[in-house]
Each structure stands twice: as structure tokens, then as C-alpha cells.
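Participant: Below you will find the structure I want to go over with you.
Spelled out as C-alpha cells, the structure:
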């Protein structure tokens, strides 16, 4: 009797994406996935314990970076000037360097409201970080 292979559900795919990001991104100390339509951190893995309120704020901060009021206004102006009527967003990737860490935020191409977040040590090779995260995100086109 042949067995039917089950397609993993969305939450399983999200958890797989986070695990792959944590494993494959160089110098990675944390990875997560944010759903900006609900404002929720869907899944995360980290090497450290973080206060729950910090994790709760991550989704809001990600939303502000990609779809804050001013960002949306800029996108709307450019869409109008270019005659673009698509709902896709212009900002696809954002790199933020803090004092000790490098944070990479990557919007998923298939799900524009879903953003992968990877946090690495500041010593990370940024080119390798982009290459690895882009590869993993492509593999998990949710």
C-alpha cells in the first residue's frame, strides 16, 4: 500500500523556516517570523532568553520598519508617479546594525505581510548573511 505524503501546514512551514534560518545564517543568535497583518511573532528560536515584552515588541517594530505610516506614504507617492497599481511593497529587505548585533529583515515574496528576521553577531560577513537568508527564504516561499 502506497503512503500519501502530507503537505506540511503553514505553521509547520514557518517553524521549518525559522529552524533553517537559525542553522544556516552565519553567526546567527536568533531568528523569527513576523506576520504583519496580525502583528504577531509566529515563531522564533534564540540562543538567549529574552523578556517576553521584548519579543512582543519585535512584531510591532518590524511593522513600523516596513509599513509605518511614513513608509507607506513614500511607497504611495512612488506608485502614483510610476503608474503602479500593485499591492506589493517597495521595501523588501532592511539591514539594521545595533551596537553588538546585525539584524536582517526580509519580506517573503509570496506572502508580502510575512517577514523573516535574523539576528547575528556584529562580526558577521554581511554578504554571506544576505546570500544564506535569501536562499533559505526562497526555499520556503510560503
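Residue numbers (our numbering): 218 to 359. All residues carry an ideal CB built from backbone N, CA and C; glycine is no exception. Note that the structure is predicted; figures quoted are calculated from it, not measured.
Expressed to the nearest angstrom, what Euclidean distance is found between the alpha-carbon atoms of residue 357 and residue 234?
Facilitator: Reading the chain shown from its first residue, position 140 is the one you call residue 357. Reading the chain shown from its first residue, position 17 is the one you call residue 234. Their Cα atoms are separated by approximately 6 Å.
Participant: Spell out the partners DSSP gives residue 263 in its beta bridges.
Facilitator: Position 46 of the chain shown, counted from the start, is the residue given in the question as residue 263. Answer by DSSP bridge pairing, in chain order: 247.
Participant: Three-state secondary structure (DSSP) at residue 310?
Facilitator: Along the chain shown, one-based indexing puts residue 310 at 93. DSSP places residue 310 in strand when its eight states are reduced to three.
Participant: Grouping DSSP H, G and I as helix and E and B as strand, with all else coil, what is residue 319?
Facilitator: As a position in the chain shown, residue 319 is number 102, starting the count at 1. If DSSP states are grouped into helix, strand and coil, residue 319 belongs with the strands.
Participant: Once you ignore the five residues that flank residue 306 on each side, which residues in its own chain have a CB closer than 8 Å to its CB?
Facilitator: Numbered from 1 along the chain shown, position 89 holds the residue referred to as residue 306. The residues are 283, 284, 292, 324, 329.
Participant: Can residue 258 and residue 238 be called in contact, C-beta distance under 8 Å?
Facilitator: Against the chain shown, residue 258 aligns to sequence position 41. Against the chain shown, residue 238 aligns to sequence position 21. For residue 258 and residue 238, no; Cβs fall outside 8 Å.
Participant: Quick check: what's the CA-CA separation for residue 226 versus residue 315?
Facilitator: Taking the first residue of the chain shown as position 1, residue 226 is located at position 9. Taking the first residue of the chain shown as position 1, residue 315 is located at position 98. Distance between the alpha carbons of residue 226 and residue 315 is about 35 Å.
Participant: DSSP state of residue 336, grouped into three classes?
Facilitator: Here residue 336 corresponds to residue number 119 of the chain shown, with the count starting at 1. Residue 336 falls in the strand class under three-state DSSP.
Participant: Under a Cβ-count criterion, where at least 16 other Cβ atoms within 10 Å of its own Cβ denotes burial, should residue 273 be classed as buried or exposed?
Facilitator: On the chain shown, residue 273 is found 56 positions in, with the first residue counted as 1. With fewer than 16 Cβ atoms within 10 Å of its Cβ, residue 273 is classed as exposed.
Participant: Do you know how far the Cα of residue 246 is from the Cα of residue 341?
Facilitator: Walking along the chain shown from the start, residue 341 turns up at place 124. Walking along the chain shown from the start, residue 246 turns up at place 29. Their Cα atoms are separated by approximately 11 Å.
Participant: Shortest alpha-carbon distance to residue 267 belongs to which of 248, 255, 346?
Facilitator: On the chain shown, residue 267 is found 50 positions in, with the first residue counted as 1. Looking at the Cα atoms, 248 is the closest of the given residues.
Participant: In the DSSP assignment, what are the bridge partners of residue 324?
Facilitator: Here residue 324 refers to the residue found at position 107 when the chain shown is read from its first residue. Looking at the DSSP assignment, residue 324 forms a beta bridge with 332.
Participant: What whole-angstrom Cβ distance do residue 350 and residue 335 have, given they're in contact under 8 Å?
Facilitator: Here residue 350 refers to the residue found at position 133 when the chain shown is read from its first residue. Here residue 335 refers to the residue found at position 118 when the chain shown is read from its first residue. Their Cβ separation, rounded to whole angstroms, is 5 Å, which keeps residue 350 and residue 335 in contact under 8 Å.
Participant: In three-state terms, what does DSSP make of residue 252?
Facilitator: Against the chain shown, residue 252 aligns to sequence position 35. Assigned with DSSP and collapsed to three states, residue 252 falls in strand.
Participant: Go ahead and label residue 228 buried or exposed: buried means 16 or more other beta carbons lie within 10 angstroms of its beta carbon, across all protein chains shown.
Facilitator: Sequence index remark: in the chain shown, residue 228 carries index 11 (1-based). With fewer than 16 other Cβ atoms within 10 Å, it is exposed.
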